[in-house]
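Asks:
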Amino acid sequence: MSRRILISPSLLAAGHDTPEAVRAAVAVAERGGADLLHVDVMDGEFVPETTLWNDPGQVKRIKTVLPLDVHIMINNPDDRYMEFVRAGANMLAFHVEAAKDPEALLSRLQRHDVKVGISLNPETPLDKILPYLPLVDYVLIMSVRPGKAGQQFIPGVVEKIVFIKYHFPHVLVQVDGGMNPVTAAFVINAGADIIVAGAAVYGSRNPAKAIANLRRAADHDV
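Using my numbering, read the sequence shown as starting at 525 and increasing by one per residue.
(1) Within the same chain, show all residues whose beta-carbon is closer than 8 angstroms to that of D602, passing over the 5 residues directly before and after it, in chain order.
(2) Measuring straight from C-alpha to C-alpha, what distance separates V682 and K652?
(3) In this structure, does DSSP put K639 in helix, strand or coil?
(4) For the segment 532-593, which segments carrying the alpha helix (DSSP H) assignment without a break, of at least 4 residues, lie completely within its bounds, in sequence order?
(5) According to DSSP, V706 sits in a beta bridge with which residue or residues?
(6) Just verifying my parser: in three-state terms, what is the DSSP assignment at D496?
(7) Using 8 angstroms as the threshold, is the C-beta distance between L633 and L616 below it?
(8) Exposed or buried, which one is V589 when buried takes at least 16 other CB atoms within 10 Å?
(9) Exposed or buried, what is G557 when buried is set at 16 or more other beta-carbons lying within 10 Å of its beta-carbon?
(10) From what residue to what residue does the alpha helix (DSSP H) around L629 run?
Encoded structure:
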């Protein structure tokens with residue numbers, strides 16, 4: 525393929541309960557040749573689980589040479605987005621289902637040095653984000669129900685990827701959930717640009733090879 529596929533290992537799938545575990549997971553991603561580092565912020569309200577990074581101070585403590593790809597799965601991101609901008613997010617995606625005023629929030633985010641993304645759950649119709657696509661750098665498409673690592677890929681999201689890339693070719697598409705070389709091939713061939721991978725990387729004995737295999741997934745027959 526002429527375009528480079530970006531791989532963003534998800535810390536959620538690694539040990540992340542202690543600072544030491546986070547440092548080890550970051551090192552795996554860096555040594556493995558990852559492009560980004562995916563940080564899931566969960567508040568226990570928008571999704572049932574809570575992660576360490578609901579405290580933006582813990583996001584700030586992540587030391588890495590990789591850009592921080594922050595996904596805020598929280599209620600009222602309109603009120604909290606600046607916490608994560610200040611914590612060092614290089615990319616920040618919020619859920620359209622959680623925002624009180626997505627257009628106003630996107631407008632405020634555009635004032636900062638951060639790539640702006642909007643995310644939607646698998647069951648959310650694409651119509652919910654269409655008005656906002658001219659305002660974003662990327663769309664984060666959840667291909668599993670958000671909140672837990674290790675779920676099965678939902679193939680119906682592929683249609684959303686195709687539609688976005690056809691009508692908004694300048695918008696990057698990131699896919700998160702159930703990614704492995706086979707499912708990554710489906711979404712990359714549909715137009716996905718960024719693959720968020722958890723178990724496929726952190727569950728592998730050779731994370732560098734796993735990352736390379738995900739990046740090459742579009743070369744596989746599907």
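Ideal Cβ placement from N, Cα and C applies to all residues, glycine included.
Replies: Here's the rundown:
(1) If we look at D602 and ignore the five residues flanking it on each side, its Cβ neighbours are A623, K624, D625, A628 and L629.
(2) Cα to Cα, the separation comes out at about 17 angstroms.
(3) K639 falls in the strand class under three-state DSSP.
(4) Complete alpha helix (DSSP H) runs here, min 4: 543-555 and 580-584.
(5) In the DSSP output, where bridge partners are listed per residue, V706 has none listed.
(6) Nothing can be reported for residue 496, as the shown portion of the chain is limited to 525 through 746.
(7) Judged by their CB atoms, L633 and L616 are nearer to each other than the 8 angstroms cut-off.
(8) With a threshold of 16 other beta carbon atoms within 10 Å, V589 falls short and is exposed.
(9) By the neighbour-count criterion, in which a residue is buried when 16 or more other Cβ atoms sit within 10 angstroms of its Cβ, G557 is exposed.
(10) Per DSSP, the continuous alpha helix (DSSP H) segment holding L629 begins and ends at P626 to L633.
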